[in-house]
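Colleague: Residue numbers (the numbering used here): 126 to 871.
Glycine included, each C-beta is placed from N, C-alpha and C at the ideal position.
Since the structure is predicted, the reported quantities are computational estimates derived from the model, not experimental observations.
Once you've had a glance at the structure underneath, I'll fire off some questions.
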């Protein structure tokens, strides 16, 4: 039982520690608010408190901390662990220049750094749950690709009014949750076309007051068609608008005021698009640079037309080696630009920036826009593409140049003739050389030649070649053996180094493991010692509790036994009274001869029993058990009943009255007359009163006393039997049984 209770107590330790932690936090919540601040419901407001250093002793339940409009110059790194519930921090309008990268606020969701002098945002790596960031009006001059890489939960971002000159294309690659973005009043001159592609949930975008930004790429809004609802491009230097603006199907408001638009056919599509969606924006604040009329009205007055194909050469054949001219005429306002693409992927633009014709290899672009193939061949024959475009539309025409079959037959004939000519020339040259060598060998003219005087015979040449081959083979085999030996030595050396490194790592790992085992063993011994002390204390407490319970039970049982003994003594007294009355009546009715014989003979004297005070008897549990086990025996006739049935019905109050009555009776003299010692038919056998009963310091003893003045039995005086309780010596208390003693000992 003790072990199970110890296990349950051990399991209760975590819950007890949590309760103590909550109690500590609750007590910490009662810390008073700093004097210059105002604290209410977890919000600490220290606005315009004149603080120069970071406040301390803030309530531990702080969730919002407002320190705006003070003179703070830095944010401490090691003080925020005291405020684990902090979610909002406002340090705007201070003098903060640098924030340490070690800043760790795992639960911070909102941060306001506006109107400070912060130069970088590297500290954002320690704010994984940040959702709202205002870094406007600072000194940020550069942002890296990994600046917001850990701010994956960012929803609201504002970096206005900073001297930022460039924005990397991968700046927002991990911030797809951003719903509001403001890039206003920067010094950027160019926005990457893929900058906004990851922001698929962006709903509001502000790119305003950028005086150096004069254009946006057409594909910058390509992935924002289903999310972007509010777009502000006011007060920039845009002369045109990106065509991807037409893909913003979810757009609800558009602000283009304050931009010097160039009113030409490049913006004519915008007038058509705005006419279909008149509720998005009004043309009141949009004007052309060289006109006082609103932008849309000026665009409608221009005569702009889409590109249209007039004439083109779709298919043309030519002979090999002859020139071929391709024509592609387009019409439109403004004049479309033509781009030619050759079969080998060469691109030619018209009109060209250089005057005159432009040529590449065998292809030339004429000043009229036509394409001329100077020499037709297999490389220049194939598919050509002519692409014309203006501000309103674009058209592409495809053409093909084939080599005529007549030219192919001529080429085949020329090829066959050239082939046979080459073969005949090769055979003739071979015959001449072989004939010359035969004549020289046949007539021995090689010996006459000075340069061939040392020429060896064919047999010698063969032997020398054989020796050279053997020597070369020997050299190759030796080189191979040397390389093999060097490789084996290197492998053995590397294997040795690896084995030594592995042994060193294993030894280091074992040492580290042994250190860990030692630390773990120390911790386990400390834990076992603490558990032992706890278990010993619990066993001691349990034992004391059980002892107290046993003591209480013992006192209660002793009280019950005393009450039971008193009750039994009262019953015995009442039974004895009834017996005495019966005996007296029998004595009155006896015949005279019995009396005469009694007078002539010596009468047996009965024993008298004196009952001591019930309250003075100290009853023990062993005594009661011995009385119950031994029982009470009366040697009386069968027709005499000493039971008093009314005694069991007595209540506690009547029982106490009877005890008091016995005490009053015990105060009177107890000497009574009794019969002689000889037994008679009518005498009482009171041996049941003299059983070996043992109390802690008392003993029952028989006592027979006869008064000095004997009385006549027939006089009708009652004969009483008294039992006296006498003290027992100390040496007799250790005996297991108590032998009855004679009346003379008492």
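1) Is it the case that the Cβ atoms of residue 297 and residue 258 are separated by a distance below 7 Å?
2) Distance, Cα to Cα, residue 652 vs residue 321?
3) Would you check if the distance between the CB atom of residue 288 and the CB atom of residue 266 is smaller than 7 Å?
4) Mind checking which residues open and close the alpha helix (DSSP H) that includes residue 422?
5) Residue 463: buried (16+ other C-beta within 10 angstroms of its C-beta) or exposed?
6) Which residue wins for smallest C-alpha separation from residue 344, given the options 496, 369 and 655?
7) With a threshold of 8 Å on Cβ separation, who are the neighbours of residue 243 within its own chain once the five nearest residues in sequence on each side are excluded?
8) DSSP three-state label for residue 636, please.
9) Which residue marks the beginning of the alpha helix (DSSP H) containing residue 465, and which one marks its end?
10) So is residue 625 buried or exposed if we call it buried at 16+ other beta carbons inside 10 Å?
11) Taking residue 358 and residue 381 to be in contact with their CB atoms under 8 Å, please state how far apart those CB atoms are, rounded to whole angstroms.
12) Drop a sphere of 10 angstroms on the beta-carbon of residue 570, count the other beta-carbons inside from all chains shown, and report buried for 16 or more, exposed for fewer.
13) Going by C-alpha to C-alpha distance, which of 285, 280 and 290 sits closest to residue 302?
14) State the start and end residues of the unbroken alpha helix (DSSP H) segment that holds residue 400.
15) Rounded to whole angstroms, what is the Cα-Cα separation between residue 235 and residue 460?
16) Excluding the 5 residues flanking residue 432 on each side, which residues of the same chain have their C-beta closer than 8 Å to its C-beta?
17) Using DSSP with H/G/I as helix, E/B as strand and the rest coil, what is residue 261?
18) Using a 10 Å radius around the Cβ and a threshold of 16 neighbouring Cβ atoms, would you call residue 494 buried or exposed?
19) Less than 6 Å between C-beta atoms, sequence neighbours within five positions excluded: which residues of the same chain meet that for residue 443?
20) What residue range is occupied by the uninterrupted beta strand (DSSP E) comprising residue 165?
21) Go ahead and label residue 378 buried or exposed: buried means 16 or more other beta carbons lie within 10 angstroms of its beta carbon, across all protein chains shown.
22) To the nearest angstrom, how far is it from the Cα of residue 687 to the Cα of residue 693?
23) Leaving out five residues before and five after residue 275 in sequence, what residues of the same chain have Cβ atoms less than 7 Å from its Cβ?
24) Using DSSP with H/G/I as helix, E/B as strand and the rest coil, what is residue 441?
25) Would residue 505 be called buried (16 or more neighbouring beta carbons within 10 Å of its own) or exposed?
26) What residue range is occupied by the uninterrupted beta strand (DSSP E) comprising residue 283?
27) On the DSSP bridge list, what partners appear for residue 524?
28) Can you tell me whether residue 621 is buried or exposed? The criterion is at least 16 other CB atoms within 10 Å of its CB, across all chains shown.
29) Quick one: what's residue 661 bridged to in DSSP?
30) Would you kindly work out how many angstroms separate the C-alpha atoms of residue 174 and residue 161, rounded to a whole number?
31) Could you please give the first and the last residue of the uninterrupted beta strand (DSSP E) stretch that includes residue 378?
32) Would you kindly check if the distance between the Cβ of residue 420 and the Cβ of residue 386 is under 7 Å?
33) At what residues does the beta strand (DSSP E) containing residue 355 begin and finish?
34) With DSSP as the reference, please indicate the residues paired to residue 215 in a beta bridge.
35) Using the beta-carbon count (16 or more within 10 Å), is residue 331 buried or exposed?
Modeller: Taking the definition as stated:
1) Going by C-beta atoms, residue 297 is not nearer than 7 Å to residue 258.
2) Near 57 Å, if we compare the C-alpha coordinates of residue 321 and residue 652.
3) In contact: residue 288 and residue 266 (Cβ atoms closer than 7 Å).
4) Element bounds for residue 422: 420-425.
5) Buried.
6) Of the listed residues, the one whose Cα sits closest to residue 344 is 369.
7) If we look at residue 243 and ignore the five residues flanking it on each side, its Cβ neighbours are 221, 222, 223, 224, 260, 263, 264 and 265.
8) If DSSP states are grouped into helix, strand and coil, residue 636 belongs with the helices.
9) Not the alpha helix (DSSP H): residue 465 falls in the beta strand (DSSP E), residues 462-466.
10) So residue 625 ends up on the exposed side.
11) Correct: roughly 5 Å between the Cβ atoms.
12) Its Cβ having fewer than 16 others within 10 Å, residue 570 is exposed.
13) Its Cα nearest to that of residue 302, the residue 280 stands out among 285, 280 and 290.
14) 393-401 is the extent of the alpha helix (DSSP H) around residue 400.
15) When rounded, the distance between both Cα atoms is 54 Å.
16) Closer than 8 Å at Cβ, skipping near neighbours: 455, 456, 457, 461, 513, 514, 515, 517, 518, 519 and 520.
17) Coil.
18) With 16 or more other Cβ atoms within 10 Å, it is buried.
19) Cβ neighbours of residue 443 beyond the five flanking positions: 449 and 501.
20) Per DSSP, residue 165 belongs to the beta strand (DSSP E) from 163-165.
21) By the 10 Å Cβ count, residue 378 comes out exposed.
22) C-alpha separation (whole angstroms): 10 Å.
23) If we look at residue 275 and ignore the five residues flanking it on each side, its Cβ neighbours are 249, 250 and 253.
24) Of the three classes helix, strand and coil, the one that applies to residue 441 here is strand, per DSSP.
25) Counting the other Cβ atoms within 10 Å of the Cβ of residue 505 gives 16 or more, which makes it buried.
26) Membership of residue 283 in the beta strand (DSSP E) is indicated by the continuous run 281-283.
27) DSSP output for residue 524 lists 509 as bridge partner(s).
28) Taking all protein chains shown into account, residue 621 has fewer than 16 neighbouring C-beta atoms within 10 Å of its C-beta and is therefore exposed.
29) DSSP, once it has assigned bridges, lists no residue as partnering residue 661.
30) Spanning the two alpha carbons is a distance of roughly 6 Å.
31) 378-380 is the span of the beta strand (DSSP E), which, as asked, contains residue 378.
32) Closer than 7 Å, so yes.
33) Boundaries of the beta strand (DSSP E) harbouring residue 355: 355-357, taken from the DSSP string.
34) DSSP lists 191 and 237 as partners of residue 215.
35) It counts as buried.
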